[in-house]
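What follows is a single structure, written as structure tokens, with notes after it.
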Amino acid sequence: MIRFSRKYRPVIFDDVIGQDSVVKILRASVDKKHYVSAYLFSGLQGIGKTTLGRIFSNAILCDSPIDNNPCHKCESCKLFAKEQHFGYRELDAASFSGKEDMKQLRDEGAFLSVSDKKIILLDESHDISTAGQDALLKQIEQCPEHLIYMFCTTNPDKMAPTLRERCMELQLFSVEPSIIFDRLKYICEQENLNYQDDALVLISEKSKGHVRSALNMLEKISYLDEISVKNLNLIYKDFEEDIFEIVANLGIDLSKVLDTYHSISSYLSATQFYNLMLSLVNDAVKYLYGYDKFSEKYREFLRKLKEIHGSSLPEFLDYLIKRDKYIEKIGIQSDLVILHSKFEINSFAKQIPLNDIKIQNQSKKRAPNVKNLSFTELSKLDVNERSRILREQRMKHKAEQKEEKENVPLNWPLPKEKRLGENTGSRENLSAEEFSQNLVGGRVARVKPVVNP
Ligand SMILES: [Zn+2]
Numbered sequence: 393m394i395r396f397s398r399k400y401r402p403v404i405f406d407d408v409i410g411q412d413s414v415v416k417i418l419r420a421s422v423d424k425k426h427y428v429s430a431y432l433f434s435g436l437q438g439i440g441k442t443t444l445g446r447i448f449s450n451a452i453l454c455d456s457p458i459d460n461n462p463c464h465k466c467e468s469c470k471l472f473a474k475e476q477h478f479g480y481r482e483l484d485a486a487s488f489s490g491k492e493d494m495k496q497l498r499d500e501g502a503f504l505s506v507s508d509k510k511i512i513l514l515d516e517s518h519d520i521s522t523a524g525q526d527a528l529l530k531q532i533e534q535c536p537e538h539l540i541y542m543f544c545t546t547n548p549d550k551m552a553p554t555l556r557e558r559c560m561e562l563q564l565f566s567v568e569p570s571i572i573f574d575r576l577k578y579i580c581e582q583e584n585l586n587y588q589d590d591a592l593v594l595i596s597e598k599s600k601g602h603v604r605s606a607l608n609m610l611e612k613i614s615y616l617d618e619i620s621v622k623n624l625n626l627i628y629k630d631f632e633e634d635i636f637e638i639v640a641n642l643g644i645d646l647s648k649v650l651d652t653y654h655s656i657s658s659y660l661s662a663t664q665f666y667n668l669m670l671s672l673v674n675d676a677v678k679y680l681y682g683y684d685k686f687s688e689k690y691r692e693f694l695r696k697l698k699e700i701h702g703s704s705l706p707e708f709l710d711y712l713i714k715r716d717k718y719i720e721k722i723g724i725q726s727d728l729v730i731l732h733s734k735f736e737i738n739s740f741a742k743q744i745p746l747n748d749i750k751i752q753n754q755s756k757k758r759a760p761n762v763k764n765l766s767f768t769e770l771s772k773l774d775v776n777e778r779s780r781i782l783r784e785q786r787m788k789h790k791a792e793q794k795e796e797k798e799n800v801p802l803n804w805p806l807p808k809e810k811r812l813g814e815n816t817g818s819r820e821n822l823s824a825e826e827f828s829q830n831l832v833g834g835r836v837a838r839v840k841p842v843v844n845p
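What follows is the structure in structure tokens.
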């Protein structure tokens with residue numbers, strides 16, 4: 393059986409989905425027969441870079457393109473389909489990346505055979521060695537008119553800037569779930585598959601904009617009796633809710649964090665676990681700043697995270713992005729304990745100025761209502777309530793500190809005679825020690841005036 397991802401791989405521009413602007417440029421180039429020496433296709437894994445490079449090459453070599461698509465009827469197209477066209481060479485830079493390899497390409501490209509163009513496509517081009525990229529740079533500068541280089545990469549930043557500048561860079565983007573849905577539905581009809589629309593919606597969302605991974609998921613489930621949400625959940629266990637439970641309980645309930653982690657740890661590698669957590673927190677930060685194009689269920693998770701962690705989320709995201717250097721040494725469980733304590737002491741919110749995020753202002757408004765409970769009273773409370781009150785007290789303390797800072801007059805420092813006014817306590821009423829302790833930058837901080845006996 394031919395795999396869906398191969399069977400339904402686009403072979404003409406019309407079949408390419410979700411990359412309209414890039415396709416438009418390539419079709420126009422075919423139409424005018426106007427090509428540059430080097431193209432760079434960039435974008436995530438499985439997004440269709442190589443496929444688009446092949447269609448473009450096929451169309452360039454085609455004897456009589458139809459509406460700028462390869463005709464798939466001429467001799468040239470037939471050879472191309474059989475991967476026997478002498479005018480097209482496709483290589484993987486992972487195994488063909490040295491300086492000598494690039495020189496070999498140059499020598500090969502210098503000669504024409506049957507076609508009037510010669511195309512060299514280098515996949516995973518970020519793997520080309522530095523010396524190889526240097527050699528390519530010269531080759532592109534002195535490129536004969538018939539020769540076209542195409543580079544495909546998931547990581548264009550790893551390519552030399554000088555080389556990138558000489559390419560026409562075409563960035564491919566993740567495909568909208570609704571477009572993937574239409575494609576999946578089309579394939580289900582073609583294959584006579586028994587399917588539910590809900591399941592296709594779920595696959596479209598889970599594939600995160602990658603058409604190939606959506607097709608692979610569909611193919612796997614197609615072996616079962618029906619493409620249904622139930623079967624989908626059977627094969628692709630959904631960790632969304634578990635990851636949400638873990639993140640939501642950080643700083644609140646460590647037992648719940650660790651228990652939930654234990655329940656899913658055998659299904660996920662460390663990298664998968666962190667990628668899922670990173671993805672959730674990333675979306676929570678987007679939601680915090682007002683972006684809300686998510687499914688209803690997922691949006692509810694994000695709304696709760698905003699309510700629970702609020703302005704700590706951007707710092708938390710920053711921690712997760714930089715975590716790699718620590719995690720190898722300490723392991724996931726210890727990291728979760730550290731994360732829990734960081735939320736407990738509110739350390740993620742420290743870096744955020746109070747005015748920068750709306751939610752912080754809301755906390756400030758809430759602050760004056762906080763009950764000032766003693767530790768004995770606090771210890772009698774249930775753990776969630778205790779965490780909430782402690783957090784509110786910290787917020788209140790911060791709000792007060794900020795208020796004090798804001799009270800500093802604009803014409804600071806004050807003239808000498810005004811520095812020791814009624815509100816700040818009189819210099820005469822303070823002991824020398826108190827005076828020196830409270831004098832900050834030439835201004836006495838607010839202290840209780842000493843009452844004469
Ligand atoms: Zn043709």
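Counting in our numbering, the sequence shown runs without a single skipped number right up to 845 at its last residue. Here a beta-carbon is modelled for each residue, glycine too, at the ideal position from N, C-alpha and C.
Through-space distance from residue j to residue i, alpha-carbon basis
i: L668; j: H602; result: 16 Å
i: M494; j: K441; result: 21 Å
i: S566; j: A662; result: 25 Å
i: H701; j: Q476; result: 59 Å
i: T652; j: E637; result: 7 Å
i: S733; j: L672; result: 20 Å
i: H518; j: Q525; result: 9 Å
i: L514; j: F543; result: 5 Å
i: K425; j: K600; result: 35 Å
i: M393; j: L444; result: 24 Å
i: C454; j: L697; result: 54 Å
i: Q496; j: Q531; result: 11 Å
i: I656; j: Q664; result: 11 Å
i: A420; j: N460; result: 8 Å
i: E561; j: S413; result: 12 Å
i: Y587; j: S570; result: 16 Å
i: Y666; j: K714; result: 11 Å
i: N623; j: K598; result: 14 Å
i: Y681; j: E568; result: 21 Å
i: E537; j: F503; result: 12 Å
i: T522; j: A552; result: 8 Å
i: Q785; j: L660; result: 38 Å
i: V729; j: S614; result: 41 Å
Collapsed DSSP secondary structure at residue i in the structure displayed
i: F693; result: helix
i: E482; result: strand
i: V800; result: For V800, the predicted structure reports a pLDDT of 45, less than 50, and the residue's modelled location is therefore unreliable. The matter cannot be settled from this model.
i: I417; result: helix
i: Y653; result: helix
i: H518; result: helix
i: F448; result: helix
i: A502; result: helix
i: P553; result: helix
i: S614; result: coil
i: C466; result: coil
i: Q476; result: coil
i: L497; result: helix
i: K600; result: coil
i: E632; result: helix
i: G524; result: helix
i: K491; result: helix
i: C580; result: helix
i: M609; result: helix
i: R575; result: helix
i: M393; result: coil
i: K399; result: helix
i: L642; result: coil
i: V390; result: Any property of residue 390 remains undetermined from this structure, which presents the chain solely from 393 to 845.
i: I404; result: coil
i: P569; result: helix
i: S507; result: coil
i: N761; result: Note that N761 has pLDDT 45, beneath the 50 cutoff, so the model's placement of it is unreliable and no number is given.
i: R780; result: helix
Beta-bridge pairing of residue i - partner residues as DSSP gives them
i: N461; result: I458
i: S434; result: T545, Q563
i: D512; result: The sequence shown places Ile at residue 512, not Asp. DSSP, once it has assigned bridges, lists R481, Y541 as partnering I512.
i: Y587; result: I619
Any non-hydrogen atom of ligand 2 within 7 Å of residue i CB
i: H464; result: No copy of ligand 2 occurs in the structure displayed; its ligands are ligand 1 alone.
Whole beta strand (DSSP E) elements within the region 655-739, 3-residue minimum: Look at the region 655-739 and you find no whole run of beta strand (DSSP E) that is 3 residues long or longer.
The region 459-473 / the region 625-643 touching (three or more Cβ pairs under 8 Å): No, because fewer than three Cβ pairs between the region 459-473 and the region 625-643 fall closer than 8 Å, the two stretches do not touch.
Contact the region 422-432 vs the region 395-404: 3+ CB pairs below 8 Å: No, they do not touch.
Contact between the region 577-587 and the region 605-622 (3+ Cβ pairs under 8 Å): The count of Cβ pairs closer than 8 Å, one atom from the region 577-587 and one from the region 605-622, reaches three, so the stretches are in contact.
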